[in-house]
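Protein chains in written order, with the working numbering: chain A, 524 to 856; chain B, 524 to 856; chain C, 524 to 856.
Heads up: the structure comes next, in structure tokens.
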Amino acid sequence: MEWRIATYASHSALQILKGAKDEGFGTIAFGKERVKPLYTKYFPVADEFLVGEYPEEELLEKGAIVIPHGSFVAHLGIEKVESMKVPYYGNKAVLRWESDRELERKWLEKAKLKLPKVYDDPDEIDKPVIVKFHGAKGGKGYFLAKDSKDFWEKARRIGIKSKESLKEIQIQEYIIGVPVYPHYFYSKLNEELELMSIDRRYETNVDGIGRILAKDQFELSLENSYVVVGNFPIVLRESLLMEVIEMGERVIRAAKGLIGGLWGPFCLETILTDELEFVVFEISARIVAGTNPFIEGSPYTWIRYNKPVSTGRRIAMEIKQAIEEDSIDEILT
Amino acid sequence: MEWRIATYASHSALQILKGAKDEGFGTIAFGKERVKPLYTKYFPVADEFLVGEYPEEELLEKGAIVIPHGSFVAHLGIEKVESMKVPYYGNKAVLRWESDRELERKWLEKAKLKLPKVYDDPDEIDKPVIVKFHGAKGGKGYFLAKDSKDFWEKARRIGIKSKESLKEIQIQEYIIGVPVYPHYFYSKLNEELELMSIDRRYETNVDGIGRILAKDQFELSLENSYVVVGNFPIVLRESLLMEVIEMGERVIRAAKGLIGGLWGPFCLETILTDELEFVVFEISARIVAGTNPFIEGSPYTWIRYNKPVSTGRRIAMEIKQAIEEDSIDEILT
Amino acid sequence: MEWRIATYASHSALQILKGAKDEGFGTIAFGKERVKPLYTKYFPVADEFLVGEYPEEELLEKGAIVIPHGSFVAHLGIEKVESMKVPYYGNKAVLRWESDRELERKWLEKAKLKLPKVYDDPDEIDKPVIVKFHGAKGGKGYFLAKDSKDFWEKARRIGIKSKESLKEIQIQEYIIGVPVYPHYFYSKLNEELELMSIDRRYETNVDGIGRILAKDQFELSLENSYVVVGNFPIVLRESLLMEVIEMGERVIRAAKGLIGGLWGPFCLETILTDELEFVVFEISARIVAGTNPFIEGSPYTWIRYNKPVSTGRRIAMEIKQAIEEDSIDEILT
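This is the structure we're talking about:
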């Protein structure tokens, strides 16, 4: 049977399916009926659209390989993804490590990345922090505090009065700098890391508030939120690229020891300070939406490939190579 | 006689004429003598350059179809455009609906778009507003107010002392969020809507003030202005694209009933809030300069066409198809 | 012997070497051992990598033409560059004019560009100024002042107490607006100026502070810094392009009289005000990193060339033409 490439109809599915078609694969999108026209009419990248959150039987019948992305995992939940029978591109074991803050930290520390400090005890706050609420949608209600006293004042206002009620929050060092998100691809077949592209997220409302004068911000009693709504393509200062690549290599190496490997696309979410230090907040161990500006290739993939290669297409290239080399089982879980 | 594609030498003329040449058309630019070298020497997209604000006789003789854009309409004025004898791509009837704030509102409300509230009576202000001056260049003097009291204080300072002097201003709900401008194309021939690209405007000085610390903003007594000077290419969160398309479809449907149709390129100028709600401020019922980053195609047109298709080129493709199908009269007015 | 194109392994070397290969040249990168994999493995653009800050003998032996960029000049120092024996693309005489603030000013004034006012005497400050420290890395410690009194207050705090200690600083008019960086190429062979692309720099932390609410900025006692870490591709309002080109033409003309000419790539670093006035802060008389988003061509070069032409490739095209026309000596110094 011929393999077909399938993904959940959201996030970066246009890119994934376009890339699959460019490499000659048949394609399947599955998801909400409402978005069917997006993938079949407005952008005809899906040869077939299956309505359903995860139509396992049909996907199995049709020889689908599922390409995971953030919306698919969020939508289905980690446990369901782990027990999926449809072949899955990537290492499912990574899911736990990425979703558990402590495991993630262990991984990134083993990769010798610089991470923001986390405070378990508010009385130890000794530099500016951002206070995050677990499960807060879009970062609403997140607040900054400059020291312990400031923390307690603000925390009390929202009903946190003692250390007992701290379970709901995370207190993290606030890093001053600019967001930079490098996108990588690790080829398990070739044992090679590639730098695919770099983006800067577009977030509402924090990317709007700077357009409001400080005096007006005060009058309007603005609050900040961090809902990602899009992405800007950027390039990075070339003298920083070697470090970006070394960071990626260390993540791959650490994953080999801890998790049995990470392969395919991934992204490090960083703040770059004015000391030119990358502070890493999170790893996304799969394709990120920040690759979407580069559907026709990025400055970096044009250099390497001299043809239009998106991260979505790169995935399809890897699967094609695996089929040709008869090693498809190596890259699916 | 062979049709040639012509436009006023400004705004998005480079894109329009490049697109026309890509589709095999002869091209004409007309406008100020000063910019002739831009279109004939530095960027040789115009086969011919006619000096003059609208050289009707020559354009008629040469078989020109005029592609309108914002600068052309602003420059010539709606009345002159309406009485033009040179064939015009698009529906001229749209011009009135777009330039009259009440008609525009009627149209967008019929399309069930979310619009910012407008206050006729300052005493009814019940949320933050932006106060705009009719005809203010680049939004200079625009101010924000948080309630009626704040409005009157600021209004008095600039000489507005009673409700009688309110004619010069518009009081509009101030939407907190980020600007997102999706660009559409509606093919009258194929009866199909296409999502072409998305940009985020670059405005001076509001896109500069966020680079100034709040404390310095106070000391420098900064005032804001909103002069558009360029555009950033962006992509939008994929889960929002279906809604963007549905908004466009409703605009097209509403225009059929009200105006006899809208076809060709158009743009919705929106603020996207942290509730993921698009609030629409304006419609531009023709090509916008926000399409200029995508002269070699956008991520979205690459998916659909798999070749470089800008909005300018898409227009030329439509005209070419009309000529081939002998239905050119359907798309000109 | 065949010419080969060489550059220092940083800044825009990926672009330069990719462009050289596109035009059929052999390529050499030289620099720090650590970055060798970047140019030979991750992005295989260098046929050869020479370890060393400037391996003159080897470069001479291998028939190298060195393409200068900002990191090369900063790294080696102007005097060493001036006495280089390896052929150098461009006019070395420009180096002095660009690095000496007074000569640079003379040049830009002769080109009739609008420059920010510079104050020798703090007591003459009559509008907002930015106070810069010679040699301050990344603009740290730079401060704004609104008048003489404000200047002295802030200057005293950092130990500047009298006019005698002013040597370390430059007091420059602070221009309110947005940064716009047009990139040019002047072909000495064709005697033609080309507009290649336009970027907006990405700077830490000033491009991050606008994402922090004014109230939080105060609490965190933020300071600003201007370390360039990347670039955004942008396009400029089309009605401003003719002026951008005229500015470039005047710079070229002024350089002919003063310096014996400027050729190859250069960039004007401007702030664009809400009066649509370009205020020029600096000229970079060689390729800038702002061209890096455009490795596969910019909207502007696609219009002109209808094939992917980066600034790096444009340099290689010029050298190739010179070799073919047997005039290579004209463009090397």
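Ideal Cβ placement from N, Cα and C applies to all residues, glycine included.
Just so it is clear, the structure is predicted and the values come from calculations on it, not from any experiment.
Between Ser533 (chain B) and Ser622 (chain B), the gap from beta carbon to beta carbon reaches 8 Å or more. With fewer than 16 neighbouring CB atoms inside 10 Å of its own CB, Leu583 (chain B) falls in the exposed class. The C-beta separation of Lys608 (chain C) from Glu627 (chain C) comes to about 27 Å, leaving the pair out of contact by the 8 Å criterion. C-alpha of Ile683 (chain A) to C-alpha of Lys655 (chain A): approximately 13 Å in a straight line. With a threshold of 16 other beta carbon atoms within 10 Å, Gly658 (chain A) falls short and is exposed.
When C-beta distances to chain B are compared with 9 Å, the residues of the region 806-837 of chain C below that value are Glu819, Gly820, Ser821, Pro822, Tyr823, Trp825, Ile826, Arg827, Asn829, Pro831, in chain order. Taken in chain order, the whole alpha helix (DSSP H) runs of length 4 or more contained in the region 605-639 of chain B are 617-622, 624-633. Annotation: the continuous alpha helix (DSSP H) that includes Ala678 (chain A) extends over 671-680.
At least one CB atom of chain A sits nearer than 8 Å to the CB of Arg557 (chain C). Residue range 801-807 is occupied by the beta strand (DSSP E) that includes Phe804 (chain B). The Cβ atoms of Leu759 (chain A) and Val752 (chain C) sit closer than 8 Å to each other. The closest CA to that of Val802 (chain B), considering only B:Arg809, B:Thr793, B:Ala808, is found on B:Thr793.
By the criterion of at least three beta-carbon pairs nearer than 8 Å, the region 714-733 of chain C is in contact with the region 733-745 of chain B. For Lys669 (chain A), the nearest beta carbon of chain B is not closer than 8 Å to its own beta carbon. At least 8 Å separates the CB of Gly586 (chain B) from every CB of chain C. If you draw a 10 Å sphere on the C-beta of Gly575 (chain B), you find fewer than 16 other C-beta atoms in it, and that means exposed.
The beta strand (DSSP E) runs of length 3 or more contained entirely in the region 721-756 of chain A are, from start to end of the chain, 749-756. In terms of Cα proximity to Gly600 (chain C), the closest of C:Thr824, C:Met840, C:Leu618, C:Asn829 is C:Leu618. Residue pairing from DSSP places Ile810 (chain A) in a beta bridge opposite A:His592. In the assembly as shown, Arg827 (chain A) is a buried residue. Its beta-carbon has 16 or more other beta-carbons within 10 Å. Taking a cut-off of 8 Å on C-beta distances, the region 836-851 of chain A touches the region 783-792 of chain A, as three or more cross pairs fall below it. Relative to Leu745 (chain A), the option among B:Gln844, B:His592, B:Pro651 whose CA is nearest is B:Pro651. For Thr856 (chain C), DSSP assigns no beta-bridge partner whatsoever. The C-alpha of Ala536 (chain C) lies about 37 Å from the C-alpha of Gly547 (chain B).
Within chain A, the residues placing a beta-carbon under 7 Å from that of Ile699 (chain B) are Asn728, Gly731, Leu745, ordered along the chain. The secondary-structure analysis by DSSP pairs Gln538 (chain A) with nothing; it has no beta-bridge partner. With respect to Ile721 (chain C), Val703 (chain C) sits close: the two C-beta atoms are nearer than 8 Å.
Using a CB distance below 9 Å, the part of the region 787-800 of chain B facing chain A consists of Ile794, Leu795, Thr796, Asp797, Glu798, Leu799, ordered along the chain. Residues of the region 560-571 of chain B with a C-beta atom less than 7 Å from some C-beta of chain A do not occur. By the CB criterion at 8 Å, Gln844 (chain B) and Leu716 (chain B) fall outside the cutoff. Of the residues A:Lys559, A:Asp643, A:Glu605, A:Gly662, the one whose Cα lies closest to the Cα of Asp797 (chain B) is A:Gly662.
Per DSSP, Pro788 (chain A) is one residue of the beta strand (DSSP E) stretching across 787-795. Of the residues assessed, Glu819 (chain B) falls on the buried side of the cut-off, its CB having 16 or more other CB atoms within 10 angstroms.
When DSSP states are grouped into helix, strand and coil, Ser685 (chain B) belongs to the coil group. Where Arg527 (chain B) is concerned, there is no enclosing alpha helix (DSSP H), although the beta strand (DSSP E) around it starts and stops at 527-531. Excluding five sequence positions before and after Gly783 (chain A), the CB atoms of its chain that fall closer than 8 Å to its own CB belong to Asn614, Ala616, given in chain order.
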